[in-house]
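Below you'll find the structure, written out as structure tokens, and then a few comments.
In this note's numbering, the protein residues as written are 1 to 502.
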């Protein structure tokens, strides 16, 4: 026996092994246990297994350990760690084939082994959010948001904005482009402002139509404001000559919630989608004429009105009451347990973080998350909690500091936490694109399907009326701020005085 001193040191070592090796292994889905306790060298060995792969790790109480112990471990385990900083490694840890590092670096090693089992997902990461933040503080934030949009109804200020964004992005505009883009931007913003502001005092039917055309005008403005977008409004009008790039599909059986909405290869929407970086090669050239033709469409190019409502986190409780079906959004949050614990010591960056995906409804299927196109790996379901169904996933962000920079998180003035939206159409996960598609469908119903719309307003389909009205109210508040971000290239925070975010 090694005596009281050795026993105390081994007890300390066991605590470190349990806390910093065994528990992290188990949290990440490995089966791990201490398989070796050697008092003579004052170290312990942990063996961990996951999906048929086995790894062995040793933790030394002190780095000032005989070199013979290091060499024995070098042939026995995959990695050796020391319970503290390395002390004179040239005198002790020399002549080895595998690195010896402090226990603080175990997390990076564990992530590397996880990546061997689950390679990094190479799917397209979200566009980075603007680094410049514009804070707007007002009793009525929406009025102030519109004031910032309305200022660019001035061709002078619109051109100034375009030149500023071109300079920031190092884009060389062709001669005259700033002026022509500015004129188009000013016109589309005046049009959008008129539509949105008139909608405030209109009947429900006219409000739907005004909000649709107002949102369409804001979408034109977004493209024109980008240095890499079309050089003038005439080019965008050329897109719309082939239609808006959407269609509806309805039969008497489908009614309101199952009315179909699809994307086309021609018109404005596919041009906008391509501008946003989406693949439109599989968009159909014509719309189906019967239900059996719908079944033959490429995956994801067709959905229902219900599917579009399912993507709106702000309507969560209304949606669950009205439709009683699976929502299409989920809440991401940082997973403290699975990720590296905070430390004041300089640490090697792993370029990966673990997050929880919280589904309050308990209905979102794992395969939908896997097919959403997000850069996730190691997706697994955790035991359910009171807040709902929970998944854990690894987010790889080697070129970004934080995990949320590579995910398309929707931030809303109606929700304190963000949401990841499961696309209803193709891979279009942008909230404003989904809003445009839903407003398009509703505007078609209002204008061309009066028999169905009458039943929604006051008949046997009136269960949908409140959720329609609420969606319109959410769009009136949220869309102008979202478009102000994409038009100015700035992150917009608009709050009331006294707000925590102000």
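Think of the CB as a built atom: it goes at the ideal place given N, C-alpha and C, for glycine as much as any other residue.
Run through the region 276 to 364 for me and flag every whole beta strand (DSSP E) of 3 or more residues, listed as ranges in chain order. With a minimum length of 3 residues, the continuous beta strand (DSSP E) runs that stay inside the region 276 to 364 are 302 to 304, 329 to 334 and 352 to 359.
Quick one: what's residue 380 bridged to in DSSP? Taking the chain shown and counting its residues from 1, the one referred to as residue 380 is at position 380. DSSP, once it has assigned bridges, lists 392 as partnering residue 380.
Nearest candidate by alpha-carbon position, reference residue 358, set 406, 298 and 421: The residue given as residue 358 occupies position 358 in the chain shown. Taking only the C-alpha atoms, the option nearest residue 358 is 421.
Between which residues of its own chain and residue 257 is the CB-CB distance below 6 Å, once the five residues before and five after are set aside? Reading the chain shown from its first residue, position 257 is the one you call residue 257. Shown here for residue 257: same chain residues with a beta carbon closer than 6 Å to its own, the five before and five after excluded, namely 305 and 306 in chain order.
Leaving out five residues before and five after residue 205 in sequence, what residues of the same chain have Cβ atoms less than 6 Å from its Cβ? Locating residue 205 in the chain shown gives position 205, counting from the first residue. In its chain, beyond the 5 residues on either side, 446 have a beta carbon closer than 6 Å to the beta carbon of residue 205.
If we ignore side chains and look at the alpha-carbon of each, how far apart do residue 508 and residue 261 end up? What the structure shows of the chain is the stretch from 1 to 502, and residue 508 is not part of that stretch, so it cannot be assessed.
Return yes when the Cβ of residue 429 is within less than 7 Å of the Cβ of residue 398, no when it is not. As a working mapping, residue 398 is identified with position 398 in the chain shown. As a working mapping, residue 429 is identified with position 429 in the chain shown. Not a contact, by the Cβ cut-off of 7 Å.
Answer yes or no: do residue 17 and residue 59 have a C-beta to C-beta separation smaller than 7 Å? Against the chain shown, residue 17 aligns to sequence position 17. Against the chain shown, residue 59 aligns to sequence position 59. Contact: yes.
Beta-carbon proximity of residue 331 to residue 417, cut-off 7 Å: Here residue 331 refers to the residue found at position 331 when the chain shown is read from its first residue. Here residue 417 refers to the residue found at position 417 when the chain shown is read from its first residue. Result yes, Cβ atoms of residue 331 and residue 417 sit closer than 7 Å.
Distance between beta carbons of residue 82 and residue 102, contact taken as under 8 Å: In the chain shown, residue 102 corresponds to position 102, counting from 1. In the chain shown, residue 82 corresponds to position 82, counting from 1. Between residue 82 and residue 102 the Cβ distance is about 6 Å, and since that is below 8 Å, they are a contact.
Contacts around residue 368, its chain only, beta-carbon distance under 6 Å, and the 5 residues preceding and following it disregarded: Here residue 368 corresponds to residue number 368 of the chain shown, with the count starting at 1. Once the five neighbours on either side are set aside, the close Cβ partners of residue 368 are 422.
Of the choices 324, 425 and 401, whose alpha-carbon is the least far from that of residue 372? On the chain shown, position 372 is the one that residue 372 refers to. Closest in C-alpha terms to residue 372, from the list 324, 425 and 401, comes 425.
So, at 7 Å on beta carbons, what are the nonlocal neighbours of residue 117 in its own chain, with the 5 sequence-adjacent residues on each side left out? On the chain shown, residue 117 is found 117 positions in, with the first residue counted as 1. Contacts found: 50, 51 and 53.
Beta-bridge partners of residue 102, as assigned by DSSP: For this step, residue 102 is matched to residue 102 along the chain shown. Beta-bridge analysis with DSSP links residue 102 to 82.
Verify whether the separation of the beta carbon atoms of residue 78 and residue 56 is less than 7 Å. Stepping through the chain shown from its first residue, residue 78 is reached at position 78. Stepping through the chain shown from its first residue, residue 56 is reached at position 56. Yes, the pair counts as a contact, with Cβ atoms nearer than the cut-off.
Quick test of the definition: if touching needs 3 or more C-beta pairs under 8 Å, does the region 211 to 228 touch the region 158 to 175? Touching, per the Cβ criterion.
Residue range of the alpha helix (DSSP H) that includes residue 155: Numbered from 1 along the chain shown, position 155 holds the residue referred to as residue 155. Unbroken alpha helix (DSSP H) run through residue 155: 155 to 168.
Could you tell me whether the region 144 to 159 touches the region 481 to 498, where touching means 3 or more Cβ pairs closer than 8 Å? With the cut-off at 8 Å, the region 144 to 159 and the region 481 to 498 touch.
Helix or strand or just coil, what does DSSP make of residue 94? Taking the first residue of the chain shown as 1, we reach residue 94 at position 94. Three-state DSSP puts residue 94 in coil, outside helix and strand.
For the 8 Å Cβ check, are there 3 or more pairs between the region 452 to 465 and the region 102 to 112? Taking a cut-off of 8 Å for Cβ pairs, the region 452 to 465 and the region 102 to 112 do not touch, as fewer than three such pairs fall below it.
Based on DSSP bridge pairs, tell me the residues matched to residue 44. For the purposes of this step, residue 44 is taken as the residue at position 44 of the chain shown. DSSP, once it has assigned bridges, lists 37 and 59 as partnering residue 44.
May I ask you to report which of helix, strand or coil DSSP gives residue 505? A query on residue 505 cannot be resolved here, the shown segment of the chain reaching from 1 to 502 and no further.
For residue 420, three-class secondary structure by DSSP: Here residue 420 corresponds to residue number 420 of the chain shown, with the count starting at 1. Three-state result, residue 420: strand.
Quick check: what's the CA-CA separation for residue 188 versus residue 220? In the chain shown, residue 188 corresponds to position 188, counting from 1. In the chain shown, residue 220 corresponds to position 220, counting from 1. Between residue 188 and residue 220, the C-alpha separation is close to 7 Å.
Residue 458: buried (16+ other C-beta within 10 angstroms of its C-beta) or exposed? Along the chain shown, one-based indexing puts residue 458 at 458. With a threshold of 16 other beta carbon atoms within 10 Å, residue 458 falls short and is exposed.
Beta-bridge pairing of residue 397 - partner residues as DSSP gives them: Looking up residue 397 in the chain shown gives position 397. As computed with DSSP, residue 397 is found in no beta bridge at all.
Do the region 234 to 247 and the region 264 to 274 meet, that is, are 3 or more Cβ pairs less than 8 Å apart? Taking 8 Å as the limit for Cβ pairs, the verdict is that the region 264 to 274 does touch the region 234 to 247.
To the nearest angstrom, how far is the alpha carbon of residue 504 from that of residue 378? Absent from the structure is residue 504, since the part of the chain shown begins at 1 and ends at 502.
Beta-carbon gap between residue 186 and residue 215 smaller than 7 Å: Walking along the chain shown from the start, residue 186 turns up at place 186. Walking along the chain shown from the start, residue 215 turns up at place 215. Contact annotation: residue 186 and residue 215 have beta-carbon atoms that are not nearer than 7 Å.
Express the C-alpha separation of residue 450 and residue 405 in angstroms, rounding to a whole number. Position 405 of the chain shown holds residue 405. Position 450 of the chain shown holds residue 450. Answer to the nearest angstrom: the Cα atoms are 44 Å apart.
Cβ shell of residue 394 (< 6 Å), same chain only, five flanking positions each side left out: As a working note, residue 394 is residue 394 in the chain shown. Here the set comprises 352, 354, 377 and 378.
Residue-level contact to chain B via CB, residue 441, 7 Å cutoff: Note that chain B does not occur in the displayed structure, where there is just one protein chain.
Quick one: what does DSSP say residue 206 is sitting in, helix, strand or coil? Taking the first residue of the chain shown as 1, we reach residue 206 at position 206. DSSP places residue 206 in helix when its eight states are reduced to three.
Bridge partners for residue 247 per DSSP, in chain order? Position 247 of the chain shown holds residue 247. 262.
Whose C-alpha, out of 234, 195, 203 and 282, is nearest the C-alpha of residue 217? Start at 1 with the first residue of the chain shown, and residue 217 comes out as number 217. The option with the nearest alpha carbon to residue 217 is 195.
Could you check how far apart the C-beta atoms of residue 278 and residue 427 are, in whole angstroms? I think they sit under 8 Å. Position 278 of the chain shown, counted from the start, is the residue given in the question as residue 278. Position 427 of the chain shown, counted from the start, is the residue given in the question as residue 427. The distance from the Cβ of residue 278 to that of residue 427 is about 6 Å, consistent with a contact at the 8 Å cut-off.
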